[in-house]
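Peer 1: Residue numbers (my numbering): 11 to 524.
Note that beta-carbon positions come from the ideal geometry of N, C-alpha and C, so glycine has one too.
From a predicted model like this one, the values you see are computed outputs, not experimental measurements.
Sending over a structure as structure tokens; questions will come in a sec.
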């Protein structure tokens with residue numbers, strides 16, 4: 011066998027898969043793939059385009075001002091329509107459309123100098139065009155998911171055809187990481203030679219079909235033809251959007267080099283495939299994974315009841331059911347970040363698990379004496395095998411203290427608690443606190459607003475610390491772990507690196523020959 015399923019001789023191999031009645035199609039697919047892997051060879055030569063599967067829908071270029079976009083669309087946008095800056099393989103900032111920038115006035119002024127970039131139709135990218143695109147993403151009518159984190163922007167101005175200045179009302183030294191997100195890619199929706207959205211690279215779409223695209227690199231304009239090496243097939247990337255079961259099966263059969271976008275929802279399928287450990291990679295993702303208390307009525311109206319409920323989740327058992335490498339957490343903030351104080355802890359954290367269960371059971375018994383009948387809570391969780399496993403663990407913990415849990419879909423508006431599984435777009439404690447407030451009490455809301463409008467970095471740090479303490483006391487969120495993000499990576503992708511953003515640009519996968 012040769013790289014990615016290239017076959018010199020064709021062999022026919024019949025594999026008979028046995029499963030119990032009632033097992034899901036996804037489980038059957040992965041089980042058969044595991045047997046096929048055992049029967050086949052496990053070599054991948056560095057030959058031909060990189061084939062990357064992203065878990066989700068078929069990738070399309072969409073305008074982020076219309077709302078949330080699937081992971082496959084975000085990866086495509088990052089590949090063909092980079093922002094002012096972008097993330098490298100380690101999750102750090104590197105140049106995008108802008109080649110240089112300076113930040114002054116404690117993070118209130120950002121000045122970007124654009125490089126010599128061209129749209130996919132060959133026209134040069136100019137500062138006025140970039141300004142118009144960014145303004146569209148933060149306009150009142152925009153539904154860009156990053157818009158709530160851009161409220162400090164006061165003006166975006168083209169100073170010259172190559173220079174952009176962004177003025178802020180409040181200091182935001184971490185703004186570059188927001189600008190690096192695919193939702194702020196510099197994308198022209200229509201152009202003289204384009205029937206759809208267009209960008210400036212680092213790739214362009216060479217070919218497209220309903221499920222996949224072939225991406226080929228854009229030539230760097232700052233290099234002479236003599237400096238540019240001849241393009242080879244290995245420079246291209248075929249991007250496929252598909253279900254986790256199909257993506258894992260494709261990888262196991264050596265027909266792809268990368269599976270990205272893996273979450274807790276599909277992790278059990280990965281375990282069934284029994285792939286070589288060297289190919290299974292976890293990101294140290296920063297963000298939130300836990301239950302937001304979205305209805306503060308009935309039993310959840312009282313802070314003491316919310317605190318008791320937060321304490322009964324057996325976090326260690328839940329994360330261990332997925333992976334020994336997935337660590338649990340009992341606090342909202344992963345670190346101090348830009349807060350003036352160390353992360354605050356909720357009242358229930360100081361007790362051991364047995365005492366937490368006893369306290370919760372006692373409070374429920376008192377509640378039921380005054381409110382006859384069963385105490386039911388609707389828990390909104392993702393579908394799929396990972397959601398089933400979460401439901402089993404969380405449901406058992408709630409039943410143990412006398413609550414009758416009911417499972418709901420993630421978008422169920424009648425849910426009492428809803429799973430939040432989100433990677434932080436930038437490293438500010440305020441993002442964690444705001445994302446956990448759905449909703450919060452008055453004191454926490456006021457402290458969060460004070461952090462948003464703080465006139466100095468010192469005042470912002472103090473306000474964030476106050477908000478953290480208020481939210482820990484209010485208990486609007488039940489932290490469980492940090493987001494579980496996984497990929498399957500072939501050994502030919504030597505540049506792939508785990509990182510806190512859990513983001514892996516397609517132009518940083520293979521080592522580029524010199």
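#1: Using only alpha-carbon positions, find the residue among 216, 413, 420, 249 that is nearest to residue 130.
#2: Below 8 Å, how does it come out for the region 256–276 and the region 350–361: are there three or more Cβ pairs, yes or no?
#3: Taking only runs that begin and end inside the region 169–198, name each unbroken beta strand (DSSP E) of 3 or more residues, in chain order.
#4: Might you give, ordered along the chain, the residues of its own chain that have their beta carbon closer than 6 Å to the beta carbon of residue 154, omitting 5 neighbours on each side?
#5: Opposite residue 105 in the DSSP bridges: which residues?
#6: Who are the near neighbours of residue 385 in its chain, counting only those whose CB is closer than 7 Å to its CB and skipping five residues on each side?
#7: How about residue 277 and residue 513: are their beta carbons less than 9 Å apart?
#8: Taking the DSSP output, what are the residues bridged to residue 217?
#9: Check whether the region 487–503 touches the region 468–478, taking contact to mean three or more Cβ pairs, one atom from each stretch, closer than 8 Å.
#10: In the DSSP assignment, find the beta strand (DSSP E) that holds residue 270 and state where it starts and stops.
#11: What do you get for residue 489, buried or exposed, if any count of 16 or more other CB atoms within 10 angstroms of its CB means buried?
#12: Does DSSP put residue 463 in a helix, a strand or coil?
#13: Please state the DSSP three-state secondary structure of residue 82.
#14: Could you spell out where the alpha helix (DSSP H) holding residue 139 opens and where it closes?
#15: Can you give me the C-alpha to C-alpha distance between residue 327 and residue 483, rounded to a whole angstrom?
#16: Going by C-alpha distance, which of 195, 157, 144, 156 is nearest residue 176?
#17: In the DSSP output, which residue or residues are listed as bridge partners for residue 416?
#18: So, at 6 Å on beta carbons, what are the nonlocal neighbours of residue 50 in its own chain, with the 5 sequence-adjacent residues on each side left out?
#19: Check the DSSP bridge columns for residue 158 and list the partner residues they point to.
#20: Spatial neighbours of residue 457 within its chain, please: CB distance less than 7 Å, with the 5 preceding and 5 following residues excluded, ordered by chain position.
#21: Taking only the alpha-carbon atoms, compute the straight-line gap between residue 275 and residue 432 and give it to the nearest angstrom.
#22: When burial is assigned at 16 or more other CB atoms within 10 Å of the CB, is residue 271 buried or exposed?
#23: Can you give the Cα-Cα distance for residue 258 and residue 288, rounded to whole angstroms?
#24: Helix or strand or just coil, what does DSSP make of residue 122?
#25: For the beta strand (DSSP E) containing residue 63, list its first residue and its last residue.
#26: Do the CB positions of residue 123 and residue 173 come within less than 9 Å of each other?
#27: Judging by CA-CA distance, which residue of 94, 157, 98, 151 is the nearest neighbour of residue 127?
#28: Work out the CA separation of residue 241 and residue 445 for me, nearest whole Å.
#29: Could you have a look at residue 247 and say whether DSSP puts it in helix, strand or coil?
#30: When you compare only the Cα positions, how much space is there between residue 402 and residue 333?
#31: Smallest Cα separation from residue 404: which of 331, 435, 335, 464?
#32: Quickly, what does DSSP pair residue 300 with across the bridge? List them, please.
#33: Between which two residues does the alpha helix (DSSP H) carrying residue 496 extend?
#34: Whose C-beta lies closer than 6 Å to the C-beta of residue 72 among residues of the same chain, with five residues either side of it excluded?
#35: Whole angstroms are fine: how far does the CA of residue 183 sit from the CA of residue 113?
#36: Ends of the beta strand (DSSP E) at residue 292?
Peer 2: The answer reads as follows:
#1: Numbered from 1 along the chain shown, position 120 holds the residue referred to as residue 130. Looking only at 216, 413, 420, 249, the smallest Cα-Cα distance to residue 130 is reached by 216.
#2: No, the region 256–276 does not touch the region 350–361.
#3: Within the region 169–198, complete beta strand (DSSP E) segments of at least 3 residues are found at 173–178, given in chain order.
#4: Start at 1 with the first residue of the chain shown, and residue 154 comes out as number 144. 74, 75, 147, 193.
#5: The residue you call residue 105 lines up with position 95 of the chain shown. BP columns for residue 105 point to 95.
#6: Within the chain shown, numbered from 1, the residue matching residue 385 stands at position 375. Around residue 385, the same chain offers 309, 374, 377, 378, 412, 413, 414 as residues with beta carbons nearer than 7 Å, after the five sequence neighbours per side are excluded.
#7: Taking the chain shown and counting its residues from 1, the one referred to as residue 277 is at position 267. Taking the chain shown and counting its residues from 1, the one referred to as residue 513 is at position 503. Taking a C-beta distance under 9 Å as the contact criterion, residue 277 and residue 513 do not qualify as a contact pair.
#8: Locating residue 217 in the chain shown gives position 207, counting from the first residue. Answer is 224.
#9: Result no; under three Cβ-Cβ pairs closer than 8 Å.
#10: Your numbering for residue 270 matches position 260 in the chain shown. Start and end: 268–272.
#11: Numbered from 1 along the chain shown, position 479 holds the residue referred to as residue 489. Classification of residue 489: buried, given that the 10 Å Cβ count is 16 or more.
#12: If you number the chain shown from 1, residue 463 lands on position 453. In this structure, residue 463 counts as coil in the three-state DSSP scheme.
#13: Position 72 of the chain shown, counted from the first residue, corresponds to residue 82. Reduced to three states, the DSSP call for residue 82 is helix.
#14: Counted from its first residue, the chain shown places residue 139 at position 129. That run of the alpha helix (DSSP H) goes 137–148.
#15: Taking the chain shown and counting its residues from 1, one reaches residue 327 at position 317. Taking the chain shown and counting its residues from 1, one reaches residue 483 at position 473. Roughly 25 Å between the two C-alpha positions.
#16: Counted from its first residue, the chain shown places residue 176 at position 166. It is 144.
#17: Along the chain shown, one-based indexing puts residue 416 at 406. BP columns for residue 416 point to 388.
#18: Numbered from 1 along the chain shown, position 40 holds the residue referred to as residue 50. The predicted model places residue 50 with a pLDDT of 39, which falls under 50 and marks its position as unreliable, so this point remains unresolved.
#19: Here residue 158 refers to the residue found at position 148 of the chain shown. Residue 158 pairs with nothing; no bridge assigned.
#20: Along the chain shown, one-based indexing puts residue 457 at 447. Cβ-Cβ distances below 7 Å link residue 457 to 473, 476, 477, 480 in the same chain, with the five nearest sequence neighbours on each side left out; the list follows chain order.
#21: Against the chain shown, residue 275 aligns to sequence position 265. Against the chain shown, residue 432 aligns to sequence position 422. Straight-line measurement puts the Cα of residue 432 at about 13 Å from the Cα of residue 275.
#22: Within the chain shown, residue 271 is the residue found at index 261, counting from 1. With 16 or more Cβ atoms within 10 Å of its Cβ, residue 271 is classed as buried.
#23: Taking the chain shown and counting its residues from 1, one reaches residue 258 at position 248. Taking the chain shown and counting its residues from 1, one reaches residue 288 at position 278. Residue 288 has its alpha-carbon roughly 15 Å from the corresponding atom of residue 258.
#24: Here residue 122 corresponds to residue number 112 of the chain shown, with the count starting at 1. Residue 122 falls in the strand class under three-state DSSP.
#25: For the purposes of this step, residue 63 is taken as the residue at position 53 of the chain shown. Per DSSP, residue 63 belongs to the beta strand (DSSP E) from 60–65.
#26: Taking the chain shown and counting its residues from 1, the one referred to as residue 123 is at position 113. Taking the chain shown and counting its residues from 1, the one referred to as residue 173 is at position 163. A contact, by the Cβ cut-off of 9 Å.
#27: As a working note, residue 127 is residue 117 in the chain shown. Measuring from the Cα of residue 127, the nearest candidate turns out to be 94.
#28: On the chain shown, residue 445 is found 435 positions in, with the first residue counted as 1. On the chain shown, residue 241 is found 231 positions in, with the first residue counted as 1. One C-alpha to the other measures close to 44 Å.
#29: Here residue 247 refers to the residue found at position 237 when the chain shown is read from its first residue. DSSP places residue 247 within a strand segment (E or B) once states are collapsed to three.
#30: Here the question's residue 402 lines up with position 392 in the chain shown. Here the question's residue 333 lines up with position 323 in the chain shown. Between the C-alpha atoms of residue 402 and residue 333 there is a straight-line separation of about 16 Å.
#31: For the purposes of this step, residue 404 is identified with residue 394 of the chain shown, where counting begins at 1. For the residues 331, 435, 335, 464, the minimum Cα distance to residue 404 belongs to 331.
#32: Residue numbering aside, residue 300 sits at position 290 when the chain shown is read from its first letter. Note: residue 300 sits in a beta bridge opposite 430, 489.
#33: As a first step, residue 496 is located in the chain shown; it is residue number 486 there, counting from the start. Careful: residue 496 lies outside any alpha helix (DSSP H), inside the beta strand (DSSP E) at 496–499.
#34: Taking the chain shown and counting its residues from 1, one reaches residue 72 at position 62. Within the same chain, residue 72 has close Cβ partners 79, 83.
#35: Residue mapping note: residue 113 aligns to position 103 of the chain shown, counting from 1. Residue mapping note: residue 183 aligns to position 173 of the chain shown, counting from 1. Going from the Cα of residue 113 to the Cα of residue 183 covers about 8 Å.
#36: Sequence index remark: in the chain shown, residue 292 carries index 282 (1-based). According to the DSSP assignment, residue 292 belongs to the beta strand (DSSP E) that extends over 290–292.
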